[in-house]
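>
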Amino acid sequence: MNSGTAGIETGRLSAAEAVEELARLAAEIAKHDDLYHRQDAPIIPDADYDALRRRNSEIEARFPDLVRDDSPSRRVGAPAAGGFGKIAHSRPMLSLENAFDDGDIAGFVDRVRRFLGLDGSEVMDFVAEPKIDGLSVSLRYENRSFVQGATRGDGAVGEDVTANLRTLDDIPDSLPEDAPDVVEVRGEVYMLHEEFAALNAERATENKRLEEENEKLAAEGKRTRRLIHLFANPRNAAAGSLRQIDSGITAGRRLHFFAYAAGEISEPVAATHWDWLGKLAAWGFQVNPEAGQCRGLEEMVAAYETIVAGRPDLAYDIDGVVYKVDRHDWQERLGTVSRAPRWAIARKFPAEQAETVLERITIQVGRTGALTPVANLSPVTVGGVVVSRATLHNQDEIQRKDIREGDAVVIQRAGDVIPQVVRVVAEKRPATSEPFTFPTRCPCELATPVVRPDGEVVVRCSGELACPHQQVARLRHFVSRDAFDIEGLGVKQIQEFFDDRLIRTPADIFDLRSGDGRSGASLTDRERWGEQKVRNLFAAIEARRTIHLDRFIYALGIRRIGTATARLLARHYEDLESWRGAMKAVAGERAECASVPKKPEEVGESYAELCHIDQIGIGVADDLAAFFGEPRNAAIVDELVERVTVEPVETAAADTPFAGRTVVFTGTLETMTRGEAKARAEALGAKVSSSVSARTDYVVAGPGAGAKEKKALELGVTVLSEAEWREMVGAQSG
Ligand code: IVH
């Protein structure tokens, strides 16, 4: 190919030259990809390869219209900056609530029965399936052709991995005639044990070759090449293989897929989950052969035992058993709560344990100042993952288990939870060991004394916002996945930027400049911060300048305000200004009420309104009051809102009579349980409250309604009978 354009600086290329150069680069990069990935015989150093890709991206950035279909930057529909395109899921990809023993399953069955208002004699069927330890993806078929595949991502938005998924044999390209026009099939991508072992063996061999080569390079005074990492477990290997920009690599990794759920579907194809699995199998998907129907608790427990017994013989990893209510109409009624369906639950396998040595106990300071002791361990593999740290929870836990530095300890790890120290192996205790003394001062440079309020187990640093450890912990929380979710600002980067005074409060993140941070230093001058990395970081920050109210509230890191409570608050107050105004009022009212109030109403109107939001109690209200009562917190929020746009909550169905209205249920409902009624109201955009005030829009009163109905009538609030309510929400009677 003509390479006349190869030497021209990207900034000087004319459009015609850019066309030529992009064609040359596409071919050149594809050639090297092939040599590297498929033939395992690269002919240019990594740095030169990176330079080719960078040149390609630079030209594309200058001439966006000239980006080729086969551009290296677009191989998986990826934006020019690298990475994958984003896909918003048409239905959220949910996670599952966890259960750990038979009792939890009994509780689940009970909850389902009560929610649906079934009596003890009604038969409930479930399906039990192995919980595959892979990564979930959603496959979209339009007019029976596979058109798009996405990873789960955060449940709302995933990554476009269509091209990679096309390389899986278990994913049909097309569906038969009887499939509806739009079908989304969801399931798990996983890797077999033997393929995982072979892949790691291959990588180990490659590393040996690299080591030999590096010896030569080092001898010649040249830069050596980085070794490749081995995958910790099949799940990581599957994830790493699916998230390859070059789908050729995915194809070489032989991934598999089990189908087990549905996303959007244009017309129903099955009345039960069991029939849906049958349909999936008929359409050519792999459905897990260990799945089975079970009737009632006893059969559910038996199904678990069977799957546990068969686990050692499976060729892939599973980490539990998923139970699903079989009837789809019941699934529909049960709906979801906090991103998990009420109609399914995952029973996790017991945690795996291992023995190791506790080398040192260090103290971590959380965002609210809590001092958490951490066990630093000799690295040990538990459940396929190398563990070198475990939480010790608090001072009492250390005393109770008499955990000391130097002890041999048994640790355990279950799912994604932080590893725990189960017990000390007493007979191995060194003679010289001494009990651990819990610090009386914060480990930060201010060494502020710690306090332990009466009756609490948690020891806190009294330095509040002045404590650098707390500041860093808050920043880490701020950028974490459920909060602002800023890619490229992880634990390490936050600490680094904090230490260099580039970022001290959340608002600083949005003031970062590539050339002049607070310190006047350029980000691009920093070690390990190349141009591309800086560009990616700014793109990630820009992408979060607009944020939903619930994430914003959660990100502030207020004590006890988790994602679920943040959502409740966002739903109730709907937009930032109403919420902020209310919180300031709450703080003011609470500050004026020195004695311990008996009733929220005694504190004030805003405080009472907050306490009466369903599932919010006095504890949470006091935490919010304390947060907004602290002027430095209020200032942090003020600075932040000047830099970001907070999107109000969209009421789910603006055209329903309940959108944005406050509803109170009282008395006994006869055709629907309280839980179902509440869920239904919320799905229609209503806010459900537990007490009647002038702001209540409807009171739904069943038999036995007393004081609340009376109060509603006094205040002129509309009181509905159950039948009227059902009619308004469009529920079929009977
Ligand atoms: S059902 C609406 N079934 O587990 C329910 N999930 O912890 C959607 N998983 O995100 C999930 N095997 O990645 C379901 N047989 C199975 C599963 C399964 C594995 C994963 C899935 C999900 C996670 C939740």
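As numbered in my numbering, residues 123 to 856 make up the sequence shown, in order. Glycine included, C-beta positions come from ideal geometry on N, C-alpha and C.
Give the single residue among Ser584, Glu251, Leu349 and Ala730 whose Cα lies nearest to the Cα of Ile440.
Minimum Cα distance to Ile440 is reached at Glu251.
> Tell me where the alpha helix (DSSP H) around Asp232 begins and ends.
Asp224 to Leu238 is the extent of the alpha helix (DSSP H) around Asp232.
> To the nearest angstrom, how far is it from the Cα of Val532 to the Cα of Val509?
Distance between the alpha carbons of Val532 and Val509 is about 12 Å.
> Please return the same chain residues whose Cβ sits closer than 6 Å to the Cβ of Val579, not counting the five positions on each side in sequence.
So the list reads Asn516 and Asp518, once near-sequence residues are dropped.
> Determine whether the beta carbon atoms of Val496 and Cys589 lie at a separation below 8 Å.
No, these two residues do not count as a Cβ contact at 8 Å.
> Contact check, Leu321 vs Arg357 under 8 Å by CB: the rounded distance?
Not really, about 13 Å apart at Cβ, beyond 8 Å.
> What does the alpha-carbon distance come out to for the pair Arg598 and Val613?
The alpha-carbon atoms of Arg598 and Val613 are separated by roughly 6 Å.
> Roughly how many whole angstroms lie between the Cα atoms of Ile540 and Thr513?
Those two C-alpha atoms are separated by around 7 Å.
> Using a Cβ-based criterion (distance less than 7 Å to any ligand heavy atom), does Leu218 qualify as near the ligand IVH?
Yes, the ligand IVH has a heavy atom inside 7 Å of this Cβ.
> Mind checking which residues open and close the beta strand (DSSP E) that includes Thr490?
That residue, Thr490, is in no beta strand (DSSP E); it is neither H nor E in DSSP.
> Verify the contact flag: Ser861, CB atom, against every heavy atom of the ligand IVH, threshold strictly below 7 Å.
Absent from the model: residue 861. The displayed extent of the chain is 123 to 856, so no value can be given.
> Per DSSP, Lys253 is paired with what?
Paired residue(s): Gly442.
> Under the three-state reduction of DSSP, which class applies to Arg417: helix, strand or coil?
Strand.
> Could you pull the start and end residues of the alpha helix (DSSP H) that Ala138 belongs to?
Unbroken alpha helix (DSSP H) run through Ala138: Ala137 to Asp155.
> Measure the CB-CB distance between Leu377 and Leu261 and report whether it falls below 8 Å.
No, the Cβ-Cβ distance between Leu377 and Leu261 is not below 8 Å.
> Are the segment 675 to 686 and the segment 742 to 759 touching by the rule of at least three beta carbon pairs closer than 8 Å?
A contact exists between the segment 675 to 686 and the segment 742 to 759.
> Check Ile740 in the structure and name its three-state DSSP category.
In this structure, Ile740 counts as helix in the three-state DSSP scheme.
> Shortest alpha-carbon distance to Gly610 belongs to which of Ala468, Leu587, Ala629 and Gly652?
If we check each option's Cα against that of Gly610, Gly652 comes out closest.
> Taking 7 Å as the cut-off, is the beta-carbon of Pro463 closer than that to any non-hydrogen atom of the ligand IVH?
Yes, the ligand IVH has a heavy atom inside 7 Å of this Cβ.
> With 16 as the cutoff for other CB atoms within 10 Å, does Lys720 come out buried or exposed?
Looking at its Cβ environment, which holds fewer than 16 other Cβ atoms inside 10 Å, Lys720 is exposed.
> Cα-Cα, which of Ala827, Trp452, Pro825 and Lys833 is closest to Thr818?
When only C-alpha atoms are compared, the closest one is Lys833.
> Just confirm the distance between the C-beta atoms of Leu806 and Thr778, as a whole number of angstroms; I'd bet it's less than 8 Å.
With 8 Å as the limit, Leu806 and Thr778 qualify as a contact, their Cβ atoms being about 4 Å apart.
> May I ask you to verify whether the segment 665 to 675 touches the segment 721 to 740, counting CB pairs closer than 8 Å and requiring at least 3?
With a cut-off of 8 Å, the segment 721 to 740 and the segment 665 to 675 do not count as touching, because too few Cβ pairs lie within range.
> Nearest-angstrom Cα distance between Met246 and Phe600?
Roughly 43 Å between the two C-alpha positions.
> Using a Cβ-Cβ cut-off of 8 Å (strictly less than) and excluding sequence neighbours within five positions of Val269, which residues of its own chain qualify?
Arg262, Tyr263 and Thr284, listed in sequence order.
> Helix, strand or coil for Pro628? Go by DSSP, reduced to three states.
DSSP places Pro628 in helix when its eight states are reduced to three.
> Tell me the rounded alpha-carbon separation between Glu804 and Gly797.
Approximately 11 Å between the Cα atoms of the pair.
> Does Thr513 come out as helix, strand or coil in the three-state DSSP assignment?
Thr513 falls in the strand class under three-state DSSP.
> Who pairs with Thr273 in a beta bridge, going by DSSP?
Answer by DSSP bridge pairing, in chain order: Val259.
> Check whether the segment 409 to 428 and the segment 334 to 347 are in contact - that is, three or more C-beta pairs closer than 8 Å.
They do not touch, by the three-pair rule.
> Helix, strand or coil: how does DSSP classify Ser811 here?
Strand at Ser811.
> Measuring alpha carbon to alpha carbon, tell me which residue in Ala665, Asp155 and Pro390 is nearest Phe632.
Comparing Cα positions, the closest option is Ala665.
> Suppose you measure from the CA of Lys208 to the CA of Gly741; what does that come to, to the nearest Å?
When rounded, the distance between both Cα atoms is 39 Å.
> Please list the terminal residues of the continuous alpha helix (DSSP H) segment that includes Leu402.
Leu402 -> alpha helix (DSSP H) spans His395 to Ala404.
> Kindly indicate which three-state DSSP category Pro298 falls into: helix, strand or coil?
Pro298 falls in the coil class under three-state DSSP.
> Is Val231 near the ligand MN, going by C-beta to nearest heavy atom under 7 Å?
You won't find the ligand MN in this model; what it holds is the ligand IVH.
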